[in-house]
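Asks:
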Amino acid sequence: FKIVEKEKQEIEEKNKHQKTIDEIMLNNQDEKNKLFIEIEKNRKRIQDLYIKITDLEKEKYNLSKEKENSIQLLNKQKSSGANLNYLKNIMISFLSTNDKSIQERLLPVIYKSLNFNESEVKMVVEGRNKNNHGILSYYIHRTYVIVFENS
Numbered sequence: 544f545k546i547v548e549k550e551k552q553e554i555e556e557k558n559k560h561q562k563t564i565d566e567i568m569l570n571n572q573d574e575k576n577k578l579f580i581e582i583e584k585n586r587k588r589i590q591d592l593y594i595k596i597t598d599l600e601k602e603k604y605n606l607s608k609e610k611e612n613s614i615q616l617l618n619k620q621k622s623s624g625a626n627l628n629y630l631k632n633i634m635i636s637f638l639s640t641n642d643k644s645i646q647e648r649l650l651p652v653i654y655k656s657l658n659f660n661e662s663e664v665k666m667v668v669e670g671r672n673k674n675n676h677g678i679l680s681y682y683i684h685r686t687y688v689i690v691f692e693n694s
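Take the sequence shown: its letter number 80 is residue 623 in the numbering used here, and every next letter is one higher.
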C-alpha cells in the first residue's frame, strides 16, 4: 500500500508540475501574443513615419523650389528696377539735350534697353528723318501702346 501511495504522490507531483508547466506555457503564449501585437503596432508606426518623412521631404523640396523661384523673381525685379532707372536716366539725357551727336549715341542704348526690333528701329529712323521730334512722338506713342493697349 505504501508503494501505491508513493506512486500516487509522484503522479500528483507530476500533475502539479505539468499544471505549472502548462500555466507557464500559457503565460508565455499570452506574452508572445502581446509582443506580436506590439510588434505589429510598431511596424505600422514605422510605416506611418516613413510616409510622413517622404511627405516632409517632398514639402521641403517644394519649399526649396519656391524659395529659389522667389529669389530669382526678386533678383529679376531688382535688376528690372535698376534697368528702369538706367533707362529713365538715358531718356532724360536724350530728351534734355539738343546736341544731335549725343542723341545719336544714346539712340542705340535706348533701342537695346527697350528691346526694339528691326522694324521699330526703322520707324524711329524714318521719324527722325521727317522731323526732329520724331523719336519723342514715337516714344510717346509707343509708351501709350505698351501701357494702355496691352493692358
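We treat Cβ as the ideally placed atom computed from N, Cα and C, and that holds for glycine.
Pairing CB atoms from the stretch 628-642 with CB atoms from the stretch 651-658, are three or more of them under 8 angstroms?
Replies: Touching, yes, given that three or more Cβ pairs across the two stretches are closer than 8 angstroms.
Asks: Return the chain-ordered list of same chain residues with a C-beta closer than 6 angstroms to the C-beta of K603, the five sequence neighbours on each side being excluded.
Replies: The sequence position of residue 603 within the sequence shown is 60, counting from 1. Once the five neighbours on either side are set aside, K603 has no close Cβ partner at all.
Asks: In three-state DSSP terms, what is T597?
Replies: Locating residue 597 in the sequence shown gives position 54, where the first residue counts as 1. In the structure shown, T597 sits in a helix (DSSP, three-state: H, G or I).
Asks: Assign N628 to one of three DSSP states: helix, strand, or coil.
Replies: The residue you call residue 628 lines up with position 85 of the sequence shown. Three-state result, N628: helix.
Asks: What are the boundary residues of the alpha helix (DSSP H) that N658 is part of?
Replies: Locating residue 658 in the sequence shown gives position 115, counting from the first residue. Premise fails: N658 is in no alpha helix (DSSP H) and is neither H nor E.
Asks: Taking Cβ to Cβ, would you say L649 is nearer than 8 angstroms to S662?
Replies: As a working note, residue 649 is residue 106 in the sequence shown. As a working note, residue 662 is residue 119 in the sequence shown. No. Outside cutoff.
Asks: Label V667 either buried or exposed according to how many other C-beta atoms from any shown protein chain fall within 10 Å of its C-beta, with 16 as the threshold for buried.
Replies: Position 124 of the sequence shown, counted from the first residue, corresponds to residue 667. Counting Cβ neighbours within 10 Å, V667 comes out buried, since at least 16 surround it.
Asks: Taking DSSP as the reference, what is the three-state secondary structure of T640?
Replies: For the purposes of this step, residue 640 is taken as residue 97 along the sequence shown, with counting starting at 1. It is coil, neither helix nor strand.
Asks: In whole angstroms, what is the alpha-carbon distance linking K575 and K549?
Replies: One-based indexing of the sequence shown puts residue 575 at position 32. One-based indexing of the sequence shown puts residue 549 at position 6. Taking the straight line joining both Cα atoms gives about 38 angstroms.
Asks: Just the Cα atoms here: how many angstroms apart are I554 and D591?
Replies: Position 11 of the sequence shown, counted from the start, is the residue given in the question as residue 554. Position 48 of the sequence shown, counted from the start, is the residue given in the question as residue 591. If I take the Cα positions, the gap works out to 54 angstroms.
Asks: Could you check the C-alpha separation between N612 and S622 for me, to the nearest Å?
Replies: As a position in the sequence shown, residue 612 is number 69, starting the count at 1. As a position in the sequence shown, residue 622 is number 79, starting the count at 1. When rounded, the distance between both Cα atoms is 15 angstroms.
Asks: Could you tell me the alpha carbon to alpha carbon distance between N571 and I596, rounded to whole angstroms?
Replies: Within the sequence shown, numbered from 1, the residue matching residue 571 stands at position 28. Within the sequence shown, numbered from 1, the residue matching residue 596 stands at position 53. So the two alpha carbons sit approximately 36 angstroms from each other.
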